[in-house]
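For reference, the structure discussed in these notes is given below.
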Amino acid sequence: MPPLTSSLLSRSTAGPGSARVTAAATAAISKPAAAVAEAGSSPSPSPSPSAPAHPLPARGQTPRRSASPFASGLAGRLFGGHRAASRSSSSAAAVFERRFASAATKNVYDEILTGLAKPGGGANFGKYYSLPALADPRIDRLPYSIRILLESAIRNCDDFQVTGKDVEKILDWENNSTKQVEIPFKPARVLLQDFTGVPAVVDLACMRDAMSKLGSDPNKINPLVPVDLVVDHSVQVDVARSENAVQANMELEFSRNKERFGFLKWGSTAFNNMLVVPPGSGIVHQVNLEYLARVVFNNGGILYPDSVVGTDSHTTMIDGLGVAGWGVGGIEAEATMLGQPMSMVLPAVVGFKLSGKLRNGVTATDLVLTVTQMLRKHGVVGKFVEFYGGGMGELSLADRATIANMSPEYGATMGFFPVDAKTLDYLKLTGRSDETVAMIESYLRANNMFVDYSQVQAERVYSSYLELDLDEVEPCLSGPKRPHDRVTLKNMKSDWHSCLDSDVGFKGFAVPKESQGKVAEFSFKGTPAKIKHGDVVIAAITSCTNTSNPNVMLGAALVAKKACDLGLEVKPWIKTSLAPGSGVVKKYLDKR
């Protein structure tokens with residue numbers, strides 16, 4: 001790994017804290033204007049881009065924050081309208097800080113804070129807001145995905161950003177889900193990739209600059225929730241079909257993006273609560289599954305479910321791990337980073353029951369294309385989809401993640417798989433400690449968010465229902481233009497000829513009959529070549545939908561090996577590429 005790559009990886013190690021304004025933080029923020037002016041006159045400098053990176057914390061450990069968490073989208077709005085009047089007035093900045101800090105009040109649900117004992121006795125894991133302690137029979141009927149929204153509202157209920165009325169709206173989801181009721185939601189963390197992440201870091205830097213001009217401390221501007229930025233969208237396949245392709249492409253990537261990568265390295269050390277995962281580590285969503293996801297947070301002794309919004313539409317892949325997550329725009333992501341709640345419509349939830357077992361030779365890709373076709377026909381735009389049923393035990397975590405990944409293609413906000421024993425097995429497989437897994441299981445069981453298929457399941461209410469017998473799924477492909485246009489393998493040939501004949505559209509090219517057999521001749525590196533309709537020109541296994549699934553990846557490797565054994569060769573003009581979802585994927589392919 002190049003030196004710059006290794007030094008990019010860092011997360012702040014400043015001191016644990018909460019996204020809410022604590023009493024200690026309030027005191028720090030509300031200090032006299034003179035003290036603020038004094039701090040503003042000689043602010044502690046931010047680390048330069050060449051500063052050494054902080055060490056990465058242990059997996060699952062919540063990154064620590066500075067004592068003063070004042071950094072909010074509200075700050076930008078407050079200061080923006082008063083820039084001219086406040087440019088040289090540090091006292092004005094202090095007034096706004098005090099107003100912001102005093103806006104929040106004590107959480108009215110603190111009375112249901114409950115200690116979570118460790119298995120076998122001894123010290124507690126921490127405290128949590130107990131849903132069973134509310135003794136509200138409506139909770140047992142709520143879908144698991146809605147319970148995550150409910151817990152978040154209860155934990156963040158300060159009667160300022162989140163009110164008791166908001167909590168009641170979610171509790172009464174069964175009646176409100178059809179009424180376009182608006183609720184606030186505060187995700188636990190934010191996930192960025194490098195294309196959309198750079199503007200977010202630039203905005204934070206600009207806010208620091210504005211704070212400095214106002215005479216206040218620029219180091220108060222920090223994300224209030226953990227922010228993970230994975231550099232994975234910068235690589236291009238310039239070099240293909242050579243043994244040094246990976247190294248050559250990465251060298252070109254670093255050369256082209258030197259300035260951007262240097263800026264991100266600076267941001268990873270300058271801002272508290274920010275982790276930058278370097279190039280070459282894998283695809284953002286696979287890294288999220290294997291390493292970044294907490295499933296349950298332990299933040300300063302307060303336990304709560306992991307949830308995430310990301311600036312990539314396929315952030316939904318994490319729903320396969322039982323973590324509520326979906327893609328948002330850059331402004332929404334930045335607002336979440338700075339402690340602001342998301343405003344969202346309380347969603348309807350489609351219950352999707354799975355039964356049976358996939359037949360031999362049928363892959364997760366076949367399954368997800370079938371599920372996508374069903375959900376698009378049903379209509380799930382703006383809705384949650386929650387999977388349940390006896391067939392869940394037959395799906396690996398990777399298969400679930402494949403289905404969740406395709407949420408943008410079937411139109412749902414997310415396709416959610418509640419945490420069960422399969423989830424815990426995956427957490428252990430990917431290196432989470434036994435204590436961390438024990439904490440996750442204990443918390444989710446105690447708060448009625450864990451599914452145990454060995455026990456009789458309580459009846460849950462959904463807005464509508466679908467069902468699929470996994471045994472009925474057939475091998476299939478998609479296309480020729482859109483990834484959700486499913487075509488069964490046995491009908492592929494006839495479908496292709498139909499597309500050639502059909503009018504121009506998603507399933508048509510309008511190629512005249514007399515031209516369908518036309519052959520184009522050309523020269524490739526001095527060698528005569530021919531190409532016709534339907535020939536392959538790019539062969540790429542790079543989609544996050546497939547590159548994270550061991551069965552699919554190993555299946556592709558075995559097909560390729562068999563083809564080579566039979567003497568088949570790839571035409572020299574075909575550009576080939578393979579992007580393993582993570583280092584783990586590369587390792588099991590290397591072992592063959």
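With the first letter of the sequence shown counted as 1, position 489 gets the number 489 in full-length UniProt numbering; the numbers rise by one all the way through.
The C-beta atom is built at its ideal place from N, Cα and C for all residues, glycine as well.
Quiz item: Three-state secondary structure (DSSP) at Lys118?
Solution: coil
Quiz item: Between the segment 193 to 213 and the segment 156 to 173, are three or more C-beta pairs nearer than 8 angstroms?
Solution: With a cut-off of 8 angstroms, the segment 156 to 173 and the segment 193 to 213 do not count as touching, because too few Cβ pairs lie within range.
Quiz item: CA-CA distance, Asp136 and Phe195?
Solution: 44 angstroms
Practice problem: Have a look at Asp535 and Gly526 and give me their C-alpha separation to the nearest angstrom. | Solution: 20 angstroms
Quiz item: Are the CB atoms of Ser582 and Ile283 nearer to each other than 9 angstroms?
Solution: yes
Exercise. For my contact list, Tyr304 and Arg155 are in at a C-beta cut-off of 8 angstroms; report their separation, rounded to the angstrom.
Key: The pair is a contact, with the Cβ atoms about 6 angstroms apart (cut-off 8 angstroms).
Quiz item: Alpha carbon to alpha carbon, what distance is there between Gln193 and Pro226?
Solution: 14 angstroms
Quiz prompt | Beta-carbon contacts of Ser577 that lie in its chain and below 7 angstroms, excluding the five residues immediately before and after | solution = Val237, Ala240, Ala540 and Thr542
Self-check item: Cα-Cα separation between Asn175 and Pro347, rounded to whole angstroms
Solution: 11 angstroms
Exercise. Report buried or exposed for Tyr465, applying the criterion of at least 16 other Cβ atoms within 10 angstroms of its Cβ.
Key: Exposed is the call here.
Self-check item: Residue closest to Glu474, alpha-carbon to alpha-carbon, out of Tyr462, Thr488 and Phe450
Solution: Thr488
Quiz item: Between which two residues does the alpha helix (DSSP H) carrying Gly330 extend?
Solution: Gly330 to Met337
Quiz item: Taking the Cβ atom as the reference point for each residue, do Thr370 and Asn549 lie within a distance shorter than 9 angstroms?
Solution: In this structure, Thr370 lies away from Asn549, with their beta-carbon atoms at least 9 angstroms apart.
Quiz item: How about Pro418 and Gly322: are their beta carbons less than 9 angstroms apart?
Solution: yes
Exercise. Have a look at Ala434 and Lys428 and give me their C-alpha separation to the nearest angstrom.
Key: Sequence check: residue 434 is Asp here, not Ala. Computed Cα separation, rounded: 7 angstroms.
Quiz prompt | Own chain residues within Cβ distance below 7 angstroms of Met374, not counting five before or after | solution = Leu466 and Leu468
Quiz prompt | Member of Asn491, Asn448 and Gly508 whose CA lies at the smallest distance from the CA of Leu134 | solution = Asn448
Exercise. Find out if the Cβ-Cβ distance for the pair Leu229, Leu191 is shorter than 9 angstroms.
Key: yes
Practice problem: Hey, could you find the ends of the alpha helix (DSSP H) Phe261 is sitting in? | Solution: Lys258 to Ala270
Quiz item: Roughly how many angstroms separate the alpha carbons of Ile302 and Leu292, rounded to a whole number?
Solution: 19 angstroms
Quiz prompt | Rounded distance between the beta-carbons of His484 and Thr372, thought under 8 angstroms | solution = 5 angstroms
Quiz item: Between His378 and Val559, what straight-line distance do the alpha-carbon atoms span, to the nearest angstrom?
Solution: 35 angstroms
Quiz item: Could you check where the alpha helix (DSSP H) with Gly164 kicks off and where it finishes?
Solution: Gly164 to Leu171
Self-check item: Backbone secondary structure at Trp326 - three-state DSSP
Solution: strand
Self-check item: For Met406, three-class secondary structure by DSSP
Solution: Met406 falls in the coil class under three-state DSSP.
Quiz item: DSSP state of residue 614, grouped into three classes?
Solution: With the chain represented from 1 up to 592, any question about residue 614 goes unanswered, as that position is not in the structure.
Practice problem: Go through its chain and collect everything with a Cβ distance to Glu253's Cβ below 8 angstroms, but skip five positions before and after it. | Solution: Within the same chain, Glu253 has close Cβ partners Ser234, Val235, Gln236 and Pro279.
Exercise. Output the distance between the C-alpha atoms of Gly479 and Asn491, rounded to the nearest integer angstrom.
Key: 12 angstroms
Quiz item: Hey, how far is the Cα of Lys587 from the Cα of Asn546?
Solution: 16 angstroms
Quiz prompt | Which of helix, strand or coil DSSP assigns to Val380 | solution = coil
Exercise. Look at the alpha carbon of Glu290 and the alpha carbon of Leu589, and state the distance between them as a whole number of angstroms.
Key: 17 angstroms
Self-check item: Beta-bridge pairing of Arg486 - partner residues as DSSP gives them
Solution: Ser478
Quiz item: Does DSSP put Arg155 in a helix, a strand or coil?
Solution: helix
Exercise. Quick one: give me the first and last residue of the beta strand (DSSP E) that Pro184 is part of.
Key: Glu182 to Phe185
Self-check item: Contact check, Leu131 vs Phe125, beta carbons under 9 angstroms
Solution: no
Quiz item: So who's on the other strand from Gly526, going by DSSP bridges?
Solution: When beta bridges are read from the DSSP output, Gly526 appears opposite no residue.
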